[in-house]
Amino acid sequence: EFLDLKLVGGNDCAGRLEVFYNGTWGSICSNRMSQLAAITVCKHLNCGDGGEIARDFKYGRGSGPTWLDHIECTEQHSSLWQCQSDPWNPQSCDNRAEETHISCTGRIEATSPATFSECPNSTTCSDREKLRVIGGEDGCSGRVEIWHQGSWGTICDDSWELADANVVCRQLGCGSAVSALSEAAFGEGTGPIWLEKVHCKGTELSLWDCPVKPLFSKNCDHKEDAAVDCSGYPLGHLILRLLLLHFLSDPPRHPAPDTMRISTPVILCIILGALLCLVLAILAGQIRSARAQRR
Numbered sequence: 001e002f003l004d005l006k007l008v009g010g011n012d013c014a015g016r017l018e019v020f021y022n023g024t025w026g027s028i029c030s031n032r033m034s035q036l037a038a039i040t041v042c043k044h045l046n047c048g049d050g051g052e053i054a055r056d057f058k059y060g061r062g063s064g065p066t067w068l069d070h071i072e073c074t075e076q077h078s079s080l081w082q083c084q085s086d087p088w089n090p091q092s093c094d095n096r097a098e099e100t101h102i103s104c105t106g107r108i109e110a111t112s113p114a115t116f117s118e119c120p121n122s123t124t125c126s127d128r129e130k131l132r133v134i135g136g137e138d139g140c141s142g143r144v145e146i147w148h149q150g151s152w153g154t155i156c157d158d159s160w161e162l163a164d165a166n167v168v169c170r171q172l173g174c175g176s177a178v179s180a181l182s183e184a185a186f187g188e189g190t191g192p193i194w195l196e197k198v199h200c201k202g203t204e205l206s207l208w209d210c211p212v213k214p215l216f217s218k219n220c221d222h223k224e225d226a227a228v229d230c231s232g233y234p235l236g237h238l239i240l241r242l243l244l245l246h247f248l249s250d251p252p253r254h255p256a257p258d259t260m261r262i263s264t265p266v267i268l269c270i271i272l273g274a275l276l277c278l279v280l281a282i283l284a285g286q287i288r289s290a291r292a293q294r295r
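Heads up, the sequence shown is in UniProt numbering, so the first residue is 1 and it goes up one at a time.
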């Protein structure tokens with residue numbers, strides 16, 4: 001399940017801290033949470049380098065599960081997912097008075113246009129725009145990076161397999177995966193490591209549909225960045241190549257045997273069937289996206 005984080009009840013940079021996990025938004029308990037953890041949350045949300053835990057509970061009480069407790073961060077942590085905590089539990093807090101309320105110094109404007117221009121807001125970008133490959137010869141091979149919480153980050157290669165790479169390649173419009181690469185095959189990344197242990201079946205339309213584990217501790221470093229090498233021939237490209245080969249190639253000097261000959265109607269049927277499958281896949285993706293937005 002892909003994770004997200006937000007502050008509610010106030011504004012984007014002040015409110016009750018909630019996390020999206022297992023398809024549901026829930027609160028985070030404040031036991032053992034220090035100001036350093038609050039600052040880490042603010043940095044995670046791109047809300048400045050300062051923050052504090054609000055004690056007046058003016059942002060109201062939550063109504064969903066209370067997912068996490070005993071979060072402990074250090075100065076080396078730039079994301080809440082990197083901090084240590086108790087295991088996920090929908091009843092982590094003893095009562096609602098333990099919910100975490102945080103006030104940050106304010107939102108930081110983007111300082112690197114090259115980083116933010118491609119996908120400036122993770123809440124409005126499409127799934128395709130929140131995924132890229134870096135370091136390869138083209139846009140169909142390289143280190144896999146995802147956009148989350150205002151920055152590009154990598155994926156740990158733990159459990160990284162061909163099924164995972166297939167989903168990435170399909171989402172990028174790069175056909176099927178030739179190989180799923182590990183150990184920073186296309187160089188080490190520099191941003192956060194957002195995910196580890198991705199478990200795709202290979203049939204998902206988007207990487208966000210795959211079960212994943214967020215990286216909470218330093219079990220992985222950039223020497224283990226996952227990468228893909230895709231075939232580079234999406235469906236539309238293959239259809240175009242078939243058409244060109246059929247209609248533009250020189251006629252054979254000797255007629256092909258009936259068992260080897262493919263008539264134009266058959267080719268057209270294949271193309272129309274492939275296009276129908278593509279339309280159905282796009283509609284399924286839009287339906288899933290609409291359901292996710294309603295949640």
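All C-beta atoms, glycine included, are put in the ideal place defined by N, C-alpha and C.
All of these numbers come straight from a predicted model, not from anything done at the bench.
Cut-off 6 Å between Cβ atoms - residues of its own chain near residue i, not counting five sequence neighbours on either side
| i | result |
| --- | --- |
| A37 | I71 and C73 |
| residue 299 | Coverage of the chain is limited to positions 1 through 295, which leaves residue 299 absent and any answer about it impossible. |
| P211 | H199 |
| S79 | H44 and P192 |
Nearest candidate by alpha-carbon position, reference residue i, set the options
| i | options | result |
| --- | --- | --- |
| L7 | G23, E99, D86 and C83 | E99 |
| S141 | G187, W147, I102 and W152 | G187 |
| W25 | N46, Y59, G64 and G9 | G64 |
| H101 | G9, I282, E161 and I155 | G9 |
| S34 | G60, G62, D69 and G15 | D69 |
| V189 | T154, K213 and D158 | Note that residue 189 is Gly in the sequence shown here, rather than Val. Comparing Cα-Cα distances from G189 to each of T154, K213 and D158, the minimum goes to T154. |
| D4 | Q76, V19 and S103 | V19 |
| N89 | L172, C47 and C29 | C29 |
| G60 | C269, S27 and E145 | S27 |
| K58 | G50, N11 and P87 | N11 |
| L205 | V228, K213 and Q171 | Q171 |
| V228 | I270, C269, R143 and L275 | R143 |
| D209 | G150, A284 and W67 | A284 |
| R151 | G136, L131 and G135 | Before going further, note that residue 151 is Ser rather than Arg in the sequence given. Nearest of G136, L131 and G135 to S151, Cα basis: L131. |
| K213 | L268, P87, T105 and I134 | P87 |
| S85 | I146, W67 and G136 | W67 |
As assigned by DSSP and simplified to three states, the class of residue i
| i | result |
| --- | --- |
| R143 | strand |
| G153 | strand |
| C220 | coil |
| W67 | strand |
| A184 | coil |
| E129 | coil |
| C277 | helix |
| T24 | strand |
| R55 | coil |
| K213 | strand |
| R61 | coil |
| D164 | helix |
| T115 | Residue placement at T115 is flagged as unreliable, the pLDDT there being 33, under the threshold of 50; the coordinate-derived value follows with that caveat. Here T115 sits in helix by DSSP. |
| C93 | coil |
| W88 | coil |
| A226 | coil |
| C104 | strand |
| K43 | helix |
| R170 | helix |
| E98 | helix |
| L3 | coil |
| C29 | strand |
| L205 | coil |
| V266 | helix |
Local Cβ density within 10 Å of residue i, reported as buried at 16 or more and exposed below that
| i | result |
| --- | --- |
| R32 | exposed |
| K201 | exposed |
| V266 | exposed |
| L17 | buried |
| E118 | In this prediction, E118 scores a pLDDT of 46, lower than 50, which makes its location untrustworthy; the coordinate-derived value is nonetheless stated afterwards. By the neighbour-count rule (16 or more Cβ atoms within 10 Å), E118 is not buried but exposed. |
| I282 | exposed |
| I287 | exposed |
| G62 | buried |
| V279 | exposed |
| G15 | buried |
| C47 | buried |
| C277 | exposed |
| D49 | exposed |
| C83 | buried |
| L207 | buried |
| I146 | buried |
Cut-off 8 Å between Cβ atoms - residues of its own chain near residue i, not counting five sequence neighbours on either side
| i | result |
| --- | --- |
| C156 | I193, L195, E196, K197, L215, N219, C220, E224, D225 and A226 |
| S231 | C140, C169, C174, G175, S176, A177 and V178 |
| D138 | G232 |
| D158 | E196, K197, N219, C220 and E224 |
| D258 | For D258, the predicted model reports a pLDDT of 48, less than 50, meaning its position is unreliable and no value from the coordinates is stated. |
Cut-off 7 Å between Cβ atoms - residues of its own chain near residue i, not counting five sequence neighbours on either side
| i | result |
| --- | --- |
| E161 | A180 |
| A163 | C200, K201 and G202 |
| S103 | A14, G51, E52 and A54 |
On the three-pair Cβ rule with 8 Å, is the stretch 86-96 touching the stretch 36-45? no
With contact counted as at least three CB pairs below 8 Å, one residue from each stretch, are the stretch 161-170 and the stretch 52-67 in contact? no
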